[in-house]
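Asker:
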Amino acid sequence: MEDLFADQYPATASKNLFADIILPVPIPRWFTYSVGPDIQDHIGIGYRVMVQFGKKKILTGIVAKVHQKAPEVYQAKPILDLLDDFPVVNALQIKFWSWMASYYCCHMGEVMNAALPSGLKLSTESRVQLHPDFDFDNPGFPMDERELLLLETLGKNEEMNVEQFDQLLPGKTSHKIIKSLLGKGAILVYESVKEKYSPKTEQRVRLASKYTGEDSLLQSLFEALKGKEKQEAVLLKYLQQVDVFRDSGKNTEGLPKKVLTDQGCSASSIDTLIKKGVLDAFKVLISRFDSVPMTEREFTLSPPQAAALEDIHRHFEEKNTVLLQGITGSGKTEIYAQLIREVLQSGSQVLMLLPEIALTTHLVNRMQQIFGDKMGVFHSKYSDNERVEVWQGVLKGRYNFIIGVRSSVFLPFDSLGLVIVDEEHESSYKQYDPAPRFHARDAAIMLSWMHQAKTLLGTATPAFESYFNAQNGKYGFVKLDQRYGNAELPHFRLADILQDKKKNLLKLDFTRLMREKIQETLNRQEQVLIFQNRRGYAPYLSCDECGWIPQCEHCDVSLTYHQYQEELRCHYCGFKEKVPVSCQACGSQKITTIGTGTERIEESLSLLFPEARIARMDLDTTRSKYGYQRILDNFGAGNVDILVGTQMITKGLDFDKVSLVGIVDADRILFYPDFRAGERAFQQITQVAGRAGRRDKIGEVIIQTRRPDQLIFKQIISGDYADFYRLEMAERKQFFYPPFVKNIKIVVKHKDFKTSEIAAKKLKNLLTDIPAKKIVLGPEKSIIGKIKNLYLFEIWIKLDRSGNVQQFFKQQLMGRIAELQADKRFRAVRFLVDVDPY
DNA sequence: AGCACGCCGACT
DNA sequence: GTCGGCGTGCTC
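Encoded structure:
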């Protein structure tokens, strides 16, 4: 029969639609699913969908493409569900993800994993419950002990997941038992969605609408409450704060229950009023972030700042990226703020990247005072719920300015006008594990370009790559070399460790000069920062008799001694063990510590300056969410005289009372076996020195070294970055180091030494054959030959800088790795590709 | 990556 | 015999 209503159906109804879905799995492919007629009109790029992947797993995927091309070799599974009414990811982001996957040689799924807060990635877990027909007294089959235990536990709980069973039963046996019980019809197994994001709510009350009409009703209500003083009081408190008659909207908003209880109303009398129908109780969704008022509306730029801003504008007219080199204390913040304000006024969004640690400091507070609620903060220690809220905030336009860590490049911006990367030289912008191994500065520049926005890189000590681009005109370059308010640069002194040692003046790792300076500072009641870039008490223990050194069982490194916990720890895999009482090789009890970490420095200082209050800031003391904050607040409040720390203390700290900075062992930074050692030393020492002295006070910096003759010290002291750069670059050019070439590092990992080595050699040969301008080095055993029981080999590639060569080579590289992995000998070998490694 | 299937050793 | 090890193949 003819369909009389055919013309009333949506035009798409008859189409066979398919969608290519990005799934959070490390498989270099998109997956094509079919789009059912019910969602055909709603689906689009960037929507989240639920799909079945494999036999039972259900995953959240992102739609990358919608098309009508049916897959030829397999039957597409249907999309189970469309999760949103609007796309959570925009087309620009998909493009950005795709650039990142290809530039950093990883898969879209890995990028998606890094990009989406896990609160937006729903997945399922297998849950188990008793079969409704199952009868304990009459099971119908013989049961063994473990089955009985499992069924009994299940009888007590409504449902359980597989992990709970794993805890219940020793080993990995639960899986088998669940399977057999399922076969016997005793239990049911099903997949259920783990909902991760839950919005925060607030309990509120308002006056029931029947009383809001006329005064008289309220009068009679008070009559009725006569004698019930507490209830009367609640009602009065409420009416005091909400003018029910003048402004009925106010009553609709109601009052948080907490506000009333804070004012002395008892929860029970409020509840009684709710039960009587006098008050309505209701819940509202609230933000996890406190509202911050704008308190700083005006700030003025000094003449050098204004000039720098002008320069930046001028460069932006023809260049997308500008490098702003401003020495510590030169007042980059105000320049940023002014630029941000301009861009926000034009209606575009702004992203400002900061290294993790700098996010806890006054810069963020300052920005918050200037920009108030328009600004969102994205910190790596945020909970997942908080992350989802920032994401939604950007999506829905609540925030148009985000200040955040490297992963904030993934937030769903749709109209960026400006990206600022502060402390752009920071190596923590590079993610190493897991993939995508991206550099947030470089990714931000690309993101900015995709938005046709401008990028400003700010630092006192530019990364060579950035300075190089500024020198050759790719970036605009602006320099700001006057300290704000003309504060003077700190005075540097070198302290010769070997000289003091010879004269027996070195006490507990401190030279005489350093000790005297610390004492003077303490006497003036000012604060000291001591920098030692190694955590723990001592890098290792050693037997006095035979030289035995405790090693990690899983890695090719010695164990670090942590005195505070009385244990030995591996900094590579986290392995821990108790400190041995005697040498495991010869039995001698004479075991001594070698080398110096922050814990030991802290101890030495307390011996040398018993009256000083000392604190330590390193990975071990700042693990908790507010760990940094607590230590910094304490230091800022003047409760600490000496703060010892690793590179964490090199940034963000801005305290007026710090007048001395001590570097315990500059050689450790300087003689690191890496071509960037010099660059890093210059940056780190300059950074930490910048903490000394502010405003009217001239700070002092003491650098302890065994090689005071090193040229780099002269350059650091005079602040001559350009000269340092020039000399260092000559060397980089000669030996083909970045920025003259592009580096790609490949780490080959396998549990068997030989297999790892052979795979690495084969790969090297395959890579050498690729027709591109490059040098392939290695494979060489990694500096740490074994980590977590896997043997590591490294291949380094120095690649021509041109974009075409890079793209071609990376494509080939991925192909060759796939080729090698097809060989079943190398199936379990992992190949980590790290583009632009640090 | 996970997960299922299948083929082999060491215990009742 | 069977329980449980992990090598191998696959995911739209």
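Going by full-length UniProt numbering, the first sequence opens with residue 1, and the numbers climb by one from there.
Don't be surprised by glycine CBs; every beta carbon is placed ideally from N, CA and C.
To the nearest angstrom, how far is the alpha carbon of Lys774 from that of Leu447?
Answerer: Taking the first sequence and counting its residues from 1, one reaches residue 774 at position 774. Taking the first sequence and counting its residues from 1, one reaches residue 447 at position 447. About 28 Å.
Asker: With Glu191 and Ile58 assumed to form a contact (beta carbons below 8 Å), what rounded beta-carbon distance in angstroms separates them?
Answerer: Residue numbering aside, residue 191 sits at position 191 when the first sequence is read from its first letter. Residue numbering aside, residue 58 sits at position 58 when the first sequence is read from its first letter. Indeed, because the Cβ distance is near 6 Å, the residues count as touching under 8 Å.
Asker: With a CB to CB cut of under 7 Å and the five nearest residues on each side skipped, what residues in its chain are close to Glu158?
Answerer: Residue numbering aside, residue 158 sits at position 158 when the first sequence is read from its first letter. Around Glu158: Gln129.
Asker: Is the closest heavy atom of the ligand ZN to the C-beta of Arg680 under 7 Å?
Answerer: No copy of the ligand ZN occurs in the structure displayed, which carries no ligand at all.
Asker: State yes or no: is the C-beta of Leu541 within less than 8 Å of the C-beta of Ile549?
Answerer: Residue 541 sits at position 541 when you count from the first residue of the first sequence. Residue 549 sits at position 549 when you count from the first residue of the first sequence. A contact, by the Cβ cut-off of 8 Å.
Asker: Here's the rule: buried if 16 or more other CB atoms are within 10 angstroms of the residue's CB, otherwise exposed. What is Glu2?
Answerer: Here residue 2 refers to the residue found at position 2 when the first sequence is read from its first residue. The predicted model places Glu2 with a pLDDT of 42, which falls under 50 and marks its position as unreliable, so this point remains unresolved.
Asker: Under 8 Å, with one C-beta from each stretch per pair, do the segment 375 to 387 and the segment 464 to 478 reach the 3-pair mark?
Answerer: Cβ pair count under 8 Å is below three, so no.
Asker: What is the DSSP secondary structure of Arg534, counted as helix, strand or coil?
Answerer: Counted from its first residue, the first sequence places residue 534 at position 534. The answer is coil: DSSP assigns Arg534 none of H, G, I, E or B.
Asker: I need the straight-line Cα distance from Tyr9 to Tyr197, nearest angstrom please.
Answerer: Within the first sequence, the letter at position 9 stands for residue 9. Within the first sequence, the letter at position 197 stands for residue 197. Confidence at Tyr9 is low in this model, with a pLDDT of 45, below 50, so its placement is unreliable and the value that follows should be read with caution. Roughly 37 Å between the two C-alpha positions.
Asker: Taking C-alpha atoms, which residue in Phe740, Thr32, Tyr104, Ala828 lies nearest to Lys751?
Answerer: Taking the first sequence and counting its residues from 1, one reaches residue 751 at position 751. Nearest C-alpha to Lys751: Ala828.
Asker: Any idea which residues DSSP pairs Ile669 with across the strands?
Answerer: Counted from its first residue, the first sequence places residue 669 at position 669. DSSP, once it has assigned bridges, lists no residue as partnering Ile669.
Asker: I need the straight-line Cα distance from Gln551 to Arg441, nearest angstrom please.
Answerer: In the first sequence, counting from the first residue as 1, residue 551 sits at position 551. In the first sequence, counting from the first residue as 1, residue 441 sits at position 441. Looking at the two C-alpha atoms, the distance is approximately 37 Å.
Asker: In its own chain, which residues sit with a C-beta less than 7 Å from the C-beta of Gly419, not counting the 5 before and 5 after it?
Answerer: Residue mapping note: residue 419 aligns to position 419 of the first sequence, counting from 1. It is Val, not Gly, that sits at residue 419 in the sequence shown. Only Leu351, Ala444, Leu447, Ser448, Ala453, Thr455 meet the Cβ criterion.
Asker: Ignoring anything shorter than 3 residues, give me the beta strand (DSSP E) runs that lie fully in the segment 607 to 687, in order along the chain.
Answerer: Whole beta strand (DSSP E) segments, 3+ residues: 614 to 617, 642 to 645, 658 to 663.
Asker: Nearest to Ser659 by CA position, among Ser123, Arg668, Pro490, Leu344, is which residue?
Answerer: Locating residue 659 in the first sequence gives position 659, where the first residue counts as 1. For Ser659, the nearest C-alpha among the options comes from Pro490.
Asker: Provide the residue span of the alpha helix (DSSP H) that contains Gly249, from first to last.
Answerer: One-based indexing of the first sequence puts residue 249 at position 249. That run of the alpha helix (DSSP H) goes 248 to 253.
Asker: My understanding is that Ile797 touches Ile744, with C-beta atoms under 8 Å, so please give their C-beta distance in whole angstroms.
Answerer: Locating residue 797 in the first sequence gives position 797, counting from the first residue. Locating residue 744 in the first sequence gives position 744, counting from the first residue. At roughly 4 Å, the Cβ-Cβ gap stays under 8 Å, so Ile797 and Ile744 are in contact.
Asker: I'd like the ranges of any alpha helix (DSSP H) spanning at least 4 consecutive residues and lying wholly in the segment 288 to 341.
Answerer: Whole alpha helix (DSSP H) segments, 4+ residues: 303 to 318.
Asker: Quick check on Glu158: does DSSP put it in helix, strand or coil?
Answerer: Locating residue 158 in the first sequence gives position 158, where the first residue counts as 1. Correct three-state label for Glu158: coil.
Asker: Considering only DSSP beta bridges, list what Lys798 is partnered with.
Answerer: Your numbering for residue 798 matches position 798 in the first sequence. Lys798 pairs with Asn743, Ile775.
Asker: Could you compute how far the alpha carbon of Ala760 sits from the alpha carbon of Lys742?
Answerer: Here residue 760 refers to the residue found at position 760 when the first sequence is read from its first residue. Here residue 742 refers to the residue found at position 742 when the first sequence is read from its first residue. About 20 Å.
Asker: Here's a check: name, in chain order, each residue in its chain whose Cβ is nearer than 8 Å to the Cβ of Leu217, leaving out the five neighbours to either side.
Answerer: By one-based count along the first sequence, residue 217 stands at place 217. Contacts found: Lys210, Tyr211.
Asker: Could you name the residues that DSSP lists as bridge partners for residue 843?
Answerer: Given that the chain is displayed from residue 1 to residue 838, the structure contains no residue 843 and the question cannot be resolved.
Asker: Cβ of Glu356 within 8 Å of Cβ of Ser428?
Answerer: For this step, residue 356 is matched to residue 356 along the first sequence. For this step, residue 428 is matched to residue 428 along the first sequence. Contact: yes.
Asker: Can we say the segment 67 to 78 touches the segment 397 to 413, given the rule of at least three CB pairs closer than 8 Å?
Answerer: Flag = no, the segment 67 to 78 and the segment 397 to 413 do not touch.
Asker: Ser14: buried (16+ other C-beta within 10 angstroms of its C-beta) or exposed?
Answerer: In the first sequence, residue 14 corresponds to position 14, counting from 1. Confidence at Ser14 is low in this model, with a pLDDT of 48, below 50, so its placement is unreliable and the value that follows should be read with caution. It is exposed - the Cβ of Ser14 has fewer than 16 other Cβ atoms within 10 Å.
Asker: With a threshold of 16 other CB atoms inside 10 Å of the CB of Gly699, please say whether the residue is buried or exposed.
Answerer: Working through the first sequence from its first residue, we reach residue 699 at position 699. When all chains shown are included, Gly699 counts as buried.
Asker: Tell me which same chain residues have a C-beta within less than 7 Å of the C-beta of Gly254, skipping the five on either side of it?
Answerer: Here residue 254 refers to the residue found at position 254 when the first sequence is read from its first residue. Hits under 7 Å: Arg204, Val205, Arg206, Phe282.
Asker: At 4 residues or longer, what runs of the alpha helix (DSSP H) sit wholly inside the segment 166 to 231?
Answerer: Within the segment 166 to 231, the complete alpha helix (DSSP H) runs of at least 4 residues are 174 to 183, 215 to 224.
Asker: Can you pull the DSSP bridge partners for Asp544?
Answerer: Here residue 544 is taken as the residue at index 544 of the first sequence, counted from 1. Asp544 pairs with nothing; no bridge assigned.
Asker: What is the DSSP secondary structure of Arg48, counted as helix, strand or coil?
Answerer: Looking up residue 48 in the first sequence gives position 48. Three-state DSSP puts Arg48 in a strand.
Asker: In whole angstroms, what is the alpha-carbon distance linking Ile402 and Ala337?
Answerer: Taking the first sequence and counting its residues from 1, one reaches residue 402 at position 402. Taking the first sequence and counting its residues from 1, one reaches residue 337 at position 337. If you take the alpha carbons of Ile402 and Ala337, they lie about 13 Å apart.
Asker: Give the secondary structure of Leu416 by DSSP, where H, G and I count as helix, E and B as strand, and everything else as coil.
Answerer: Taking the first sequence and counting its residues from 1, one reaches residue 416 at position 416. DSSP places Leu416 in strand when its eight states are reduced to three.
Asker: Suppose only complete runs of 4+ residues qualify. What are the alpha helix (DSSP H) ranges in the segment 359 to 383, listed by chain order?
Answerer: Segments of the alpha helix (DSSP H) lying fully in the segment 359 to 383: 362 to 371.
Asker: Got a sec? Which residues, its chain only, sit under 7 Å from Lys184 by beta carbon, not counting five neighbours each side?
Answerer: In the first sequence, counting from the first residue as 1, residue 184 sits at position 184. The answer, listed in chain order, is Phe141.
Asker: Taking Cβ positions, are Ala495 and Thr521 nearer each other than 8 Å?
Answerer: Here residue 495 is taken as the residue at index 495 of the first sequence, counted from 1. Here residue 521 is taken as the residue at index 521 of the first sequence, counted from 1. No. Outside cutoff.
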